[in-house]
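What follows is a short report on a single structure.
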Amino acid sequence: MTELLEPSPQDIDRAVALLRDGQLVAFPTETVYGLGGDATSDIAVARIFDAKGRPRFNPLIVHLPSLAAAEDYAIFSPEARALAAAFWPGPLTLVVPLKEPSRLSPLVTAGLDSVAIRVPAHPVAQALLSACSIPLAAPSANPSGRVSPTRASHVLDGLGGRIAAVIDGGPCSVGVESSIVTLHPSPTLLRPGGLPVEALEAALGHPLAVAGTSPKITAPGQLASHYAPSASVRLNASTARSGEVLVGFGPINGDLTLSATGDLVEAAAALFHTLREADLQAGANGSIAFAPVPDTGLGRAINDRLRRAAAPREV
Ligand code: AMP
Ligand code: MG
């Protein structure tokens, strides 16, 4: 059962307790309802992908209550700071370099060295983010491929029974997703959204490039080999060949395992750490073999990631 919460102090406390426990809570923002989970918890973030049935680990937007809070997690250039000062809180997401070492789960950034951050203006989102004092990963609170929810009832229609709670804050005022701007290598619009391009350009004092119109700029997760380990990768292995590091799943034991019990949420949560660890163990010219992972539920996103790791390298 999904709890229907009010935006009262008691219910915000309840939502905070659920989020600190790694559970998922949908909450209103001025753009659309977000599906919130602790962005520092691998399991919580894996649960977001599981609940939405996302076929891919694309990076998620991290929500924080203020620019000051965001500076704990990312590096803001003068240009990034100017946009944040002009439009936060509000329907603008900024993609900025990650501050290392990071407490954020690598699933939130899909292993990239940048992070998408937004400071929402909605008073309920603000109250929740301030009260929980953890960054919340929050894609739109709908099953993958469906329309974004702008009312609590839409969230329940799509995700009822799959998430711990939804806070009902009434209809969203903006009703479309945030505009996403990356600052690197230069200010570029990655996704048009609730903040008009004209407003962004006025604040910057110059025109904004648009992703997709320059061959150099691609949205993350589109490169077949993005976040590839340096070792070569073989899939659907049942045993290790000589010199290979075997990553097991379920009954296939390896040097490492994604999940000994065959739990797909646990496997997703472990995926990026395990890729790194296997890469370290294999060494630069080594090889990694992965046991098969069932291609259902979160297994589809895991297999998508593993296929990219095994793809021929782009140079
Ligand atoms: P959604 O999860 O539907 O709210 O979409 C999040 C959007 O943010 C996607 O279009 C992502 O590609 C984009 N995004 C998130 N993190 C990053 C990042 N580190 N670099 C570039 N784009 C990002
Ligand atoms: Mg969405």
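Numbering (our numbering), first residue to last: 14 to 328. Each residue gets a CB set at the ideal place from its N, CA and C atoms; glycine is no exception. Owing to the predicted nature of the structure, the values given are computational and were not obtained by experimental measurement.
Residues bridged to residue i (per DSSP)
i, result
"Ala222", "Thr201"
"Phe303", "Val260"
"Asp181", "BP columns for Asp181 are empty, so no partner."
"Gly49", "Val38"
"Ser161", "None, per the DSSP bridge assignment."
"Thr195", "Val108, Thr201"
"Glu16", "Ala178"
Check: residue i C-beta below 7 Å from any heavy atom of the ligand AMP
i, result
"Pro20", "no"
"Val108", "yes"
"Ile301", "no"
"Thr122", "yes"
"Glu113", "no"
"Asn71", "yes"
"Ala295", "no"
"Ala127", "For the record, residue 127 in the displayed sequence is Ser; it is not Ala. At least one heavy atom of the ligand AMP is nearer than 7 Å to the Cβ of Ser127, so yes."
"Arg131", "no"
Distance, residue j Cα to residue i Cα
i, j, result
"Leu105", "Val75", "12 Å"
"Ala165", "Arg204", "24 Å"
"Val11", "Gly256", "Missing from the structure shown is residue 11; the chain here goes from 14 to 328 and no further."
"Pro156", "Asn316", "19 Å"
"Asp85", "Thr252", "43 Å"
"Asp24", "Gly49", "15 Å"
"Lys229", "Gly174", "Reliability of the predicted coordinates at Lys229 is poor, the pLDDT of 49 falling under 50, and the value obtained from them is presented with this limitation in mind. Each residue's alpha carbon lies about 42 Å from the other."
"Val246", "Arg326", "11 Å"
"Cys145", "Arg254", "47 Å"
"Val210", "Ala250", "49 Å"
"Ala129", "His197", "12 Å"
"Ala177", "Phe100", "31 Å"
"Pro119", "Leu125", "8 Å"
"Pro233", "Thr195", "With a pLDDT of 47 at Pro233, under the threshold of 50, the predicted position of this residue should be treated as unreliable, though the coordinate-derived value follows. Computed Cα separation, rounded: 11 Å."
"Ile88", "Pro264", "43 Å"
"Arg318", "Gly310", "14 Å"
"Gly1", "Ala273", "Any answer about residue 1 is impossible in this case: the structure gives the chain only from 14 up to 328."
Presumed contact (8 Å Cβ cut-off) between residue i and residue j, rounded CB distance
i, j, result
"Ala52", "Val58", "7 Å"
"Pro15", "Leu169", "In the sequence under discussion, the amino acid at residue 15 is Thr, which differs from the Pro named in the question. About 6 Å; that satisfies the 8 Å criterion."
"Asp292", "Pro242", "4 Å"
"Ala224", "Thr201", "6 Å"
Contact test: residue i Cβ vs the ligand MG heavy atom, cutoff 7 Å
i, result
"Ser335", "Residue 335 is absent from the structure shown; the chain starts at 14 and stops at 328."
"Ser166", "no"
"Ser161", "yes"
Open item on the list: List, from N- to C-terminal side, the beta strand (DSSP E) runs of 3 residues or more that fit wholly inside the region 241-275.
Closed with: 245-247, 257-261
Open item on the list: At 3 residues or longer, what runs of the beta strand (DSSP E) sit wholly inside the region 64-151?
Closed with: 74-76, 105-110, 127-131
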